[in-house]
Amino acid sequence: MSKLADFPKGSIVVSPSLLAADFGKLDEQIAEVTAAGAEMLHLDVMDGALVPNISFGAPVIKPLRKKSSLFFDVHLMIEHPLRYARMFREAGADLETFHIECADDIDATIAAIHALGAEVGISLKPATPAEAIFPYLDKIDMVLVMTVEPGFGGQSFMADQLPKLAAFRKEITRRNLNVRLEVDGGVDEKTVRECAAYGAEIMVAGTAVFRHPEGMATAVSRLKDAASLLNTKVQ
Ligand code: DX5
Ligand code: ZN
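With the first letter of the sequence shown counted as 1, position 199 gets the number 201 in this note's numbering; the numbers rise by one all the way through.
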């Protein structure tokens with residue numbers, strides 16, 4: 003099992019979102035994205051309650067785990083992450099990210115995921131302020147900032163969320179915390195620059211990787227190159 007610490011700080015990591023892949027041939031798509039240089043796989047779980055869409059659950063993730071050594075970055079857009087934490091860990095999650103807007107006790111959910119041996123991320127919707135997660139920052143491993151309304155792939159990047167990335171980067175630096183910063187939604191070779199400039203280091207990209215007209219290898223290297231061109235503005 004991998005850990006976030008396996009990815010050196012300061013380098014840009016691309017986490018392709020499987021939501022944009024061809025679900026009719028997931029094995030092939032994962033092999034291709036791995037060969038393309040992706041280091042993580044972002045797995046979007048939606049329950050039709052926390053977000054207005056349903057995607058896939060643990061039974062889909064489990065067989066993929068047997069065939070892939072990528073870091074499984076599981077994004078739980080569900081109402082009761084505490085109830086399902088074990089199921090997703092057993093399916094192969096290295097990291098479980100749940101939403102601050104969910105119905106469960108936040109501290110209990112963090113503790114349960116850690117007790118299962120997985121790392122913990124917390125995400126927030128565009129309308130939720132960064133400060134909602136500040137009290138938990140010293141207990142978690144990653145923050146996931148949404149730059150679209152969660153629920154669907156292929157939406158436009160919300161540039162008005164960039165100050166939120168900056169706010170997290172500033173707070174993480176101020177408190178000298180070991181928390182990684184991930185961004186998700188509408189990230190492509192153009193918007194990734196701003197994401198890096200505002201402090202994100204793990205870039206989720208669905209459409210921009212799986213549906214890139216020049217193929218996945220070009221997509222992943224363009225994302226890394228574009229992001230690396232900029233040093234972070236906010237430290
Ligand atoms: C949105 C998901 C995202 C999405 C990203 O609810 O959390 O991970 O699949 O897709 P793109 O990169 O196409 O915006
Ligand atoms: Zn996601």
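Using N, Cα and C, we set each Cβ at its ideal position, and we do this for glycine too.
Unbroken alpha helix (DSSP H) run spanning residue i, endpoints
i, result
"T209", "T209 to F212"
"S19", "Premise fails: S19 is in no alpha helix (DSSP H) and is neither H nor E."
"H116", "I108 to A117"
"V194", "T193 to A199"
"D29", "L28 to A37"
Expected contact under 8 Å - CB spacing of residue i and residue j to nearest Å
i, j, result
"V211", "P54", "Not confirmed; about 24 Å, so no contact."
"K64", "G26", "Not a contact, Cβ separation roughly 18 Å."
"E159", "T193", "First, the residue type needs correcting, since residue 159 is Phe and not Glu in the sequence shown. Correct: roughly 4 Å between the Cβ atoms."
"L225", "V16", "5 Å"
"L43", "F9", "In fact, because the Cβ distance is near 13 Å, the residues do not count as touching under 8 Å."
"S230", "I14", "6 Å"
"S4", "D96", "5 Å"
Three-way DSSP call (helix, strand, coil) for residue i in this model
i, result
"V185", "strand"
"V236", "Legend: pLDDT at V236 = 46, less than 50; position of this residue unreliable, no value from coordinates given."
"L231", "coil"
"F58", "coil"
"T220", "helix"
"L84", "helix"
"E92", "helix"
"I204", "strand"
"T130", "coil"
"F100", "strand"
"L225", "helix"
"R67", "helix"
"I174", "helix"
"P137", "helix"
"F154", "coil"
"F283", "Coverage of the chain is limited to positions 3 through 237, which leaves residue 283 absent and any answer about it impossible."
"K166", "helix"
"L52", "coil"
Cβ-Cβ distance between residue i and residue j below 8 Å
i, j, result
"V76", "V47", "yes"
"D49", "M89", "no"
"E196", "R182", "no"
"V150", "L126", "no"
"L118", "R91", "yes"
"A87", "E103", "no"
"Q31", "A23", "yes"
"E133", "A105", "no"
"L72", "L28", "no"
"D140", "R176", "no"
"T209", "G156", "yes"
"G39", "A219", "yes"
"L20", "L52", "no"
"P131", "Q163", "no"
"R190", "A207", "Checking the sequence shown, residue 190 turns out to be Asp, not Arg. Contact: yes."
"F136", "E173", "yes"
Terminal residues of the beta strand (DSSP E) in which residue i lies
i, result
"I124", "E121 to L126"
"M160", "No beta strand (DSSP E) contains M160, which DSSP labels as neither H nor E."
"L146", "M144 to M148"
"L45", "M42 to M48"
"F73", "F73 to M79"
Neighbour flag for residue i against chain D, beta carbons, 8 Å
i, result
"S4", "No chain D is part of this structure, which consists of one protein chain only."
Residue i Cβ short of 7 Å to the ligand MG heavy atom set
i, result
"A210", "With respect to the ligand MG, the structure shown offers nothing to examine, as its ligands consist of the ligand DX5 and the ligand ZN."
If you measure from each residue's Cβ to the nearest non-hydrogen atom of the ligand ZN, which ones come out under 6 Å, in chain order? S19, H44, D46, H77, D186 and V206
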